[in-house]
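Trainee: Below is one structure. I have some questions about it.
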Amino acid sequence: MSGTDRLEINTADVWPEDADEDEGVVTNWFTSEGSQVEEGDTLCEIQVEKVSVDVSAPAAGTLSEIVRDEDDEFERGDILAVLEVA
Amino acid sequence: MAQQDSAQAIDRELTMSRAMVEAIADEMRADEEVFYMGEDVADYGGIFDSTQGLLEEFGHDRIMDVPISETAYIGAAVGAAQAGMRPIAELMFVDFFGVGMDQIYNQMAKNTYMSGASVNVPMVLTTAVGGTYNDAAQHSQTLYGTFAHLPGMKVVVPSTAYDAKGLMHNAIRDDDPVVYMFHKRLMGIGWMPAPDGPKTPVPEEEYTIPFGSADVKREGEDVTVVTLGLHVHRAIEAAEDLAEDGIDAEVVDLRTLVPLDTETILESVAKTGRLVVVDEDYRSYGVTSEIVARVAEEDLASLEAVSRLAVPDVPIPYARPLENEVIPATEDIKDAVRSIGS
Amino acid sequence: MVQASKLQTMFTDMVTARYYEERLQEEYLEGKQPAFDISAGPIPGELHLAAGHEASATGVCQHLRDDDTVTAPHRPHHIAIAKGVDLNRMTAEIFGRETGLSKGKGGHMHLFDPEVNFACSGIIAEGCPPAVGAGLAAKKRNEDSVAVAFIGEGAVSQGAFLESLNLASVQDLPVVFVIEDNDWAISMPKDRVTDVADASQRAGGFDMPGERVDSDDATAVYDAAKEAVGRARDGNGPTLLEVQVHRRMGHFMGDPESYRPEEDSAAAKNRDSIERLASELRAAGIEDEEIDELRENAHDRVDSAIEWAKDQPQPDPEDAYGDVFVGPESGVTTTETTHELAGDTRAGGDD
Ligand SMILES: Cc1ncc(C[n+]2csc(CCOP(=O)(O)OP(=O)(O)O)c2C)c(N)n1
Chain A
0 MSGTDRLEIN
10 TADVWPEDAD
20 EDEGVVTNWF
30 TSEGSQVEEG
40 DTLCEIQVEK
50 VSVDVSAPAA
60 GTLSEIVRDE
70 DDEFERGDIL
80 AVLEVA
Chain B
0 MAQQDSAQAI
10 DRELTMSRAM
20 VEAIADEMRA
30 DEEVFYMGED
40 VADYGGIFDS
50 TQGLLEEFGH
60 DRIMDVPISE
70 TAYIGAAVGA
80 AQAGMRPIAE
90 LMFVDFFGVG
100 MDQIYNQMAK
110 NTYMSGASVN
120 VPMVLTTAVG
130 GTYNDAAQHS
140 QTLYGTFAHL
150 PGMKVVVPST
160 AYDAKGLMHN
170 AIRDDDPVVY
180 MFHKRLMGIG
190 WMPAPDGPKT
200 PVPEEEYTIP
210 FGSADVKREG
220 EDVTVVTLGL
230 HVHRAIEAAE
240 DLAEDGIDAE
250 VVDLRTLVPL
260 DTETILESVA
270 KTGRLVVVDE
280 DYRSYGVTSE
290 IVARVAEEDL
300 ASLEAVSRLA
310 VPDVPIPYAR
320 PLENEVIPAT
330 EDIKDAVRSI
340 GS
Chain C
0 MVQASKLQTM
10 FTDMVTARYY
20 EERLQEEYLE
30 GKQPAFDISA
40 GPIPGELHLA
50 AGHEASATGV
60 CQHLRDDDTV
70 TAPHRPHHIA
80 IAKGVDLNRM
90 TAEIFGRETG
100 LSKGKGGHMH
110 LFDPEVNFAC
120 SGIIAEGCPP
130 AVGAGLAAKK
140 RNEDSVAVAF
150 IGEGAVSQGA
160 FLESLNLASV
170 QDLPVVFVIE
180 DNDWAISMPK
190 DRVTDVADAS
200 QRAGGFDMPG
210 ERVDSDDATA
220 VYDAAKEAVG
230 RARDGNGPTL
240 LEVQVHRRMG
250 HFMGDPESYR
260 PEEDSAAAKN
270 RDSIERLASE
280 LRAAGIEDEE
290 IDELRENAHD
300 RVDSAIEWAK
310 DQPQPDPEDA
320 YGDVFVGPES
330 GVTTTETTHE
340 LAGDTRAGGD
350 D
């Protein structure tokens, strides 16, 4: 596709620094597939070792795919969602 | 839902805690006189996320951790409010009200009246309520009826993020004391997963929801289910199941107990003739009796059948099978609806 | 010098309590990973573990008899163990089982064992007034039993605590108040909530003796408590004791402790009162094998209590309705005698 970039939102980029655990869970999504988001908007909240982390949009665009749904578990390095950058 | 029509549908969703916090932050930005006091509200961000993120923006002067001295800091909120500020004081669990109750019901709630309204108390008392996670008798109550029974304070019980935000704006701006009771299970906390329902789209801009306006969360023709807090969602779930059996239940979310929107309840009962009241507080002398009494007084003729469902006058037990027995479940709501026919 | 046999008993209490908390932590986390859902796993509800607090409970309870009363706060396990609460039934209670101390109604913050006069309250400082009441009963009956109220340092700004100090003092009651100072009240460090670093100073305002044991050293606690409990037992009134302890775990299970500096957690873990007592045992001539054996026996006792508890039946839902009162609802009678009262309209004779 011309004019858009696919940006994968990777759990490794938001992993809490002092967590020893390599697994986490998605606690809340605040946007739905197909939504327009601004850079910095909170997309979802994940929990790793009882620590909650907000995942925000790295750029403006359209949330084209949610890969890990609410309550889904994931490992470090898994993709949470895909953003089509405007 | 009582939401405004807007050109573009809002798709940003928030958990109930985030919606509350958004309203508090907005009010704090707009008015220097608004501040928040409570235990573990600063660095922790509230045990139930009620103040998550506020410390970073407002600092320890306005998001104040206080000693474990409920009488002193709730009373201090009363005093600061009477001095014209707009404090928000948080009682970590409503169950701890006993420790500071004099300040709540003899001072906060009565000073306006006793002074012939020459004094007023513009404060909000926020507090976490509810069970369903086995925290036993001293940490699981809702006590809705206790606060609503005593005159002089408004009592707010949100069930969704949308309502939580609009009601919080209205609470902080109110010139009178407001008790804002949020159910732990609805907050959207990672370690206490919420049911489907409380997380809703929430506008970014501020808005107020008037007190005393119940919200029909589901329309139906056959039976009226009046409830509040967590049980709004259990009632909706029950209604969806009942719909499969051809029973069409209307679910009325009270949203505030003081003032109480009797009108909306009466309209619904006039339509359905059947009333089920569901409450997570104790059964006797409480919300369920009050609602039934009001309908009976105002429109006995419409009332064909009544049932009420609440905690059966025992303290909340600890073990799972025991707690599940006493807190009304979705199944219990369905049974109550069926028991009064349709 | 504390006798070697006492040192051994204290060591046993401490390793029992420590291992108990470690095992409960494991059990509690069962089914809570990676998603920490408070409603999952074999142990219901919240769980406040006391690893790092052991020296205070054992040092004090060495001086207590079964007829002495102890009230504990929301973090009660180590105190219950030192007081001699039935470990099997306490564990069954924590797992919410029918044979638990309270048939599954109370849970971990609300342990009651009348056999050894042990009770709890999950409301901060609210165990203090009932301890004063136990002291009052002993005094009225001319008995030499005493009462001990354990609280955390977070409770020292609470009315129930301060009012209790005053009442116990003015009535010369046999009560010892023990503050377990672990530096934290959930996320609130002491210096943010009181200007008085040494809470035993609160005693002065009530004209009662106050003492602080500055390190969680079981024998130092033992010595201080000996004097305090002795004073109470001899009818010489209450004492306020503060003991420095350490919080090795979160406030409750699931506490991310994001508010707590890494160095503070590390320091708490390094200050090990159990190792300290073990070296005292060695100095008293007790062989390493014997120390290991004490430890192993304690671990076995804990493991078997947990195993037993997990085997116990869940309570029957119908049991939720019982135990609100012990007697009949109507009181001691079900009938009402009639009395002729002057001007009593009910008695009027025309019906
Ligand atoms: C009256 C009351 N207020 C607040 C709480 C919530 N709470 C439970 S434990 C705790 C902190 C207690 O700290 P501390 O007394 O130092 O004991 P620790 O937990 O550190 O052992 C708080 C605020 C409560 N249980 N009761």
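Chains as they are written, first to last, in numbering that gives the first Met the number 0: chain A, 0 to 85; chain B, 0 to 341; chain C, 0 to 350.
For every residue, glycine included, the Cβ atom is placed at its ideal position computed from N, Cα and C.
List the residues of chain C whose Cβ lies closer than 9 Å to the Cβ of V77/B, in chain order.
Mentor: Residues of chain C with a Cβ closer than 9 Å to the Cβ of V77/B do not exist, since the nearest Cβ in that chain sits about 16 Å away.
Trainee: Note down the Cα distance separating A318/B from A193/B, rounded to an integer number of angstroms.
Mentor: 20 Å
Trainee: Can the beta-carbon of G228/B be found closer than 7 Å to that of H168/B?
Mentor: At the C-beta level, G228/B and H168/B stay beyond 7 Å of one another.
Trainee: Ignore the nearest five residues each way along the sequence and tell me which others in A237/B's own chain have a CB closer than 6 Å to its CB.
Mentor: T329, I332 and K333
Trainee: In angstroms with no decimal places, state the Cα-to-Cα distance between R307/B and S163/C.
Mentor: About 42 Å.
Trainee: Is V69/C closer than 7 Å to V147/C when the C-beta atoms are compared?
Mentor: yes
Trainee: Let me make sure I understand the geometry here. Which of A124/C, G234/C, A91/C and E279/C has the alpha-carbon closest to that of L23/C?
Mentor: It is A91/C whose Cα lies nearest to the Cα of L23/C.
Trainee: Does DSSP put T14/B in a helix, a strand or coil?
Mentor: T14/B carries a coil assignment under DSSP once its states are collapsed to helix, strand and coil.
Trainee: Please identify, using Cβ separations under 8 Å, the residues of the stretch 11-35 of chain C that lie next to chain A, in order along the chain.
Mentor: Q32, P33, A34 and F35
Trainee: Who are Q2/C's beta bridge partners in DSSP?
Mentor: In DSSP, Q2/C forms no bridge with anything.
Trainee: Tell me which residues share the same chain as M0/A and place their Cβ nearer than 6 Å to its Cβ, disregarding the 5 neighbours each side in the sequence.
Mentor: Confidence is the limiting factor: at M0/A the pLDDT is only 45, short of 50, which leaves the residue's position unreliable, though a coordinate-based value still follows. Excluding positions up to five away in sequence, the list is empty.
Trainee: Tell me which same chain residues have a C-beta within less than 8 Å of the C-beta of T70/B, skipping the five on either side of it?
Mentor: V98, G99, D101 and Q102
Trainee: Nearer than 6 Å: is that true of the beta carbon of G228/B relative to any heavy atom of ligand 1?
Mentor: no
Trainee: Rounded to the nearest angstrom, what separates P66/B and D343/C at their Cα positions?
Mentor: 56 Å
Trainee: Using a beta-carbon distance below 7 Å, is D42/B in contact with chain A?
Mentor: no
Trainee: What does the alpha-carbon distance come out to for the pair S114/B and R172/B?
Mentor: In this structure, the CA atom of S114/B is about 21 Å from the CA atom of R172/B.
Trainee: Which chain B residues are close to Y320/C, counting only those with a beta carbon under 7 Å from its beta carbon?
Mentor: P311 and V313
Trainee: Would you say D195/B lies against chain A (beta-carbon separation less than 7 Å)?
Mentor: no
Trainee: I want to check one thing, is the minimum distance from the CB of V192/C to the heavy atoms of ligand 1 below 6 Å?
Mentor: no
Trainee: Can a CB atom of chain C be found closer than 7 Å to the CB of A1/B?
Mentor: In this predicted model, A1/B has a pLDDT of only 48, less than 50, meaning its place in the structure is not dependable; the value taken from the coordinates is given anyway. No, no contact with chain C.
Trainee: Measuring alpha carbon to alpha carbon, tell me which of Y281/B, N323/B, G219/B and P197/B ends up nearest G272/B.
Mentor: G219/B
Trainee: When we look at the beta-carbon of H245/C and count the other beta-carbons within 10 Å, is it buried (16 or more) or exposed?
Mentor: buried
Trainee: By how many angstroms is the C-alpha of S31/A removed from the C-alpha of M0/B?
Mentor: With a pLDDT of only 48 at M0/B, under the threshold of 50, the placement of this residue in the model should not be trusted, and no figure is reported.
Trainee: Taking 6 Å as the limit between beta carbons, can you name the residues of its chain near A163/B, skipping five residues before and five after?
Mentor: M15, A18, M19 and P157
Trainee: Per DSSP, what are the beta-bridge partners of N105/B in this structure?
Mentor: For N105/B, which the question treats as bridged, DSSP gives no partner whatsoever.
Trainee: Would you mind giving the Cβ-Cβ distance between D206/C and S55/C, rounded to the nearest angstrom? I have them listed as a contact below 8 Å.
Mentor: Actually they are not in contact, since the Cβ atoms of D206/C and S55/C sit about 24 Å apart, beyond 8 Å.
Trainee: Let me know if V323/C comes out buried or exposed under the rule of 16 or more other beta-carbons within 10 Å of its beta-carbon.
Mentor: exposed
Trainee: Nearer than 6 Å: is that true of the beta carbon of H59/B relative to any heavy atom of ligand 1?
Mentor: With a cutoff of 6 Å, H59/B does not count as near ligand 1, since its C-beta is closer than that to no heavy atom of the ligand.
Trainee: Determine the extent of the alpha helix (DSSP H) in which F35/C is found, giving its start and end residues.
Mentor: F35/C -> no alpha helix (DSSP H), and no H or E assigned at all.
Trainee: Can you confirm whether the stretch 99-114 of chain C touches the stretch 184-195 of chain C when touching is taken to mean that 3 or more C-beta pairs between the two stretches lie within less than 8 Å?
Mentor: no
Trainee: Between F146/B and the rest of its own chain, which residues show a CB-CB distance below 7 Å, the 5 nearest in sequence each way excluded?
Mentor: M152, V154 and V178
Trainee: Which residues in chain B have a C-beta closer than 8 Å to the C-beta of T10/A? List them in chain order.
Mentor: Within chain B, no residue comes near T10/A; the closest Cβ sits about 15 Å away, beyond 8 Å.
Trainee: For M27/B, does the three-state DSSP call read helix, strand or coil?
Mentor: helix
Trainee: Run the CB neighbour count on Q243/C, radius 10 Å, all protein chains shown included, and call it buried at 16 or more, exposed below.
Mentor: buried
Trainee: Assign V14/C to buried or exposed, taking buried as 16 or more other Cβ atoms, counted over all protein chains shown, within 10 Å of its Cβ.
Mentor: With 16 or more other Cβ atoms within 10 Å, it is buried.
Trainee: Can you find the residues in the same chain that come closer than 7 Å, C-beta to C-beta, to E279/C, ignoring five residues on each side of it along the sequence?
Mentor: Sequence-distant partners of E279/C (beyond 5 residues in either direction) whose C-beta falls short of 7 Å from its own C-beta, in its chain, are L6 and T218.
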